[in-house]
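Colleague: Dumping the structure here so I can ask a few things about it.
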Amino acid sequence: MAVELRDVTKTFGRQVAVDRLSLRVPERSICGFIGPNGSGKTTTLRLIMRIYHPDGDCGSIRVLGAEGMGPACDQVGYLPEERGLYKRMKVVDLLRFYAELKGCTHVDRDVREWLERMGLTDAASKRVEALSKGMSQKVQFIATVIGRPALIILDEPFSGLDPVNAEIIRETILDLRRDGATIIFSTHDMSVAEVLCDFIVMIFRGKKVLDGTMEAIQREYGADTLRVRMHDPLIRLDDLPDVTRVTDLGGLKELRFAANGDPQRVLRALMARGDVQHFEITRPRLHDIFVRIARPAKTEGAHA
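Following this line, the structure appears as structure tokens:
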């Protein structure tokens, strides 16, 4: 295991940020952390980084086979949620500085290759303070991975990026995994987590509520979702038989049917209301599973 947590608890005063969390992340895998704001994701990442320490004797943490502070820490790259770079430095000088800190053998070559890869060659001589938010974030990503760490921890790496730059980061994460790295990242983008991650962990109110592959998580929730597209997108669907919830995605609607519901009965009711262009029985998306767990129970059965 690249990372192993056993019964870890972390409190801040009376606030329990992480509650008896156990977690195992295999080497050379991509693990996505999801959860609402304030759920304990960042605290968990900082526990893995040893920025925070568990309460008293509450559990143990092993990173790259080692417990406590030690040489393993030099093999970890960390992109914090709070971005921070030396704003007055030129990009190329900043990256040389980080490359030297991480013991890179070919500093100038490595910096040049990463700037080319991230499309930042023309920005090499600019001061960090002159960069756009997206460019600055790519510079900090390079600083995190330039030493080719064995474990890479990214807190919201896609936040604020346009689709092109998000795709560059996504492709780079996959390349780093192919080269042997283990990547753990937190995100609020369920579509990214769903397709990119080998394993997904959801933390809610300090507790682990999901842990596994996307396939295993969907299998646990069953095929209780209908995806429907009507010729008239304004037709009311929230009073259909056996349907407990309707999520309006625009032209497409997602309907959750009851445990003992009959999807064919739903289809017949839809056809009685208008032309059905698309009808699919499927497993819930990660977004839907996230909402089921995190949304207050009193809203269940409502139109979304």
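Residue numbers for the sequence shown follow the working numbering, so the first one is 12 and each next one is one higher. We put the beta carbon where it would ideally sit given N, CA and C, even for glycine.
Going by DSSP, what residue range makes up the beta strand (DSSP E) through residue 41?
Modeller: Counting along the chain, the beta strand (DSSP E) containing residue 41 begins and ends at 41 to 45.
Colleague: Given this structure, state the Cα-to-Cα distance separating residue 199 from residue 50, to the nearest angstrom.
Modeller: Spanning the two alpha carbons is a distance of roughly 12 angstroms.
Colleague: Decide yes or no for the touch test of the stretch 93 to 109 against the stretch 55 to 71: beta carbon pairs closer than 8 angstroms, at least 3 of them.
Modeller: The stretch 93 to 109 vs the stretch 55 to 71: no contact.
Colleague: Please state whether the Cβ-Cβ distance between residue 127 and residue 118 is less than 8 angstroms.
Modeller: No, the pair does not count as a contact, with Cβ atoms beyond the cut-off.
Colleague: Residue range of the alpha helix (DSSP H) that residue 216 falls in?
Modeller: Premise fails: residue 216 is in no alpha helix (DSSP H) and is neither H nor E.
Colleague: Return yes when the Cβ of residue 162 is within less than 8 angstroms of the Cβ of residue 75, no when it is not.
Modeller: In this structure, residue 162 lies closer than 8 angstroms to residue 75 by Cβ.
Colleague: Give the secondary structure of residue 210 by DSSP, where H, G and I count as helix, E and B as strand, and everything else as coil.
Modeller: Here residue 210 sits in strand by DSSP.
Colleague: Go through its chain and collect everything with a Cβ distance to residue 21's Cβ below 7 angstroms, but skip five positions before and after it.
Modeller: Counting only Cβ-Cβ distances below 7 angstroms, and skipping sequence neighbours, we find 28, 29, 54, 58, 63, 65 and 66.
Colleague: Starting from residue 245, trace the beta strand (DSSP E) both ways and give me its first and last residue.
Modeller: Run containing residue 245: none; DSSP gives neither H nor E here.
Colleague: Any chance the stretch 206 to 221 sits against the stretch 233 to 241, with 3 or more Cβ pairs inside 8 angstroms?
Modeller: No: the two stretches stay apart, fewer than three of their Cβ pairs being nearer than 8 angstroms.
Colleague: For residue 90, write down the residues that DSSP places opposite it in a beta bridge.
Modeller: Note: residue 90 sits in a beta bridge opposite 165.
Colleague: Would you identify the three-state DSSP class for residue 291, choosing helix, strand or coil?
Modeller: Strand.
Colleague: Whole-angstrom Cβ separation of residue 253 and residue 269, contact assumed at under 8 angstroms?
Modeller: Going by Cβ atoms, the distance from residue 253 to residue 269 rounds to 5 angstroms, so yes, they are a contact pair.
Colleague: Taking just the CA atoms, how far does residue 136 sit from residue 99?
Modeller: So the two alpha carbons sit approximately 11 angstroms from each other.
Colleague: Going straight from the alpha carbon of residue 183 to that of residue 145, what length do you get?
Modeller: Residue 183 and residue 145: Cα-Cα distance of roughly 16 angstroms.
Colleague: Roughly how many angstroms lie between the CA atoms of residue 170 and residue 276, to the nearest whole one?
Modeller: In a straight line, the C-alpha of residue 170 is about 42 angstroms away from that of residue 276.
Colleague: Relative to the alpha-carbon of residue 294, which residue among 229, 140 and 210 has its alpha-carbon at the smallest distance?
Modeller: Checked all of 229, 140 and 210; the closest Cα to residue 294 is 229.
Colleague: Between residue 39 and residue 90, what straight-line distance do the alpha-carbon atoms span, to the nearest angstrom?
Modeller: For residue 39 and residue 90, the distance between alpha carbons rounds to 18 angstroms.
Colleague: Please report how far the alpha carbon of residue 297 lies from the alpha carbon of residue 165, in whole angstroms.
Modeller: Spanning the two alpha carbons is a distance of roughly 20 angstroms.
Colleague: Considering residue 36, what are the terminal residues of the beta strand (DSSP E) in which it resides?
Modeller: Where residue 36 is concerned, the enclosing beta strand (DSSP E) stretches over 26 to 36.
Colleague: Look at the Cβ atom of residue 193, then the Cβ atom of residue 13, and state whether they are nearer than 8 angstroms.
Modeller: Yes, they are a contact pair.
Colleague: Based on DSSP bridge pairs, tell me the residues matched to residue 11.
Modeller: As shown, the chain starts at 12 and ends at 315. That puts residue 11 outside it, with no answer to give.
Colleague: Helix, strand or coil for residue 188? Go by DSSP, reduced to three states.
Modeller: It is helical.
Colleague: Exposed or buried, residue 19, counting other C-beta atoms within 10 Å across all chains shown (16 or more means buried)?
Modeller: So residue 19 ends up on the buried side.
Colleague: Tell me the DSSP bridge mates of residue 301?
Modeller: DSSP lists no partner for residue 301.
Colleague: Give the straight-line distance between the Cα atoms of residue 122 and residue 157, rounded to the nearest whole angstrom.
Modeller: Approximately 8 angstroms between the Cα atoms of the pair.
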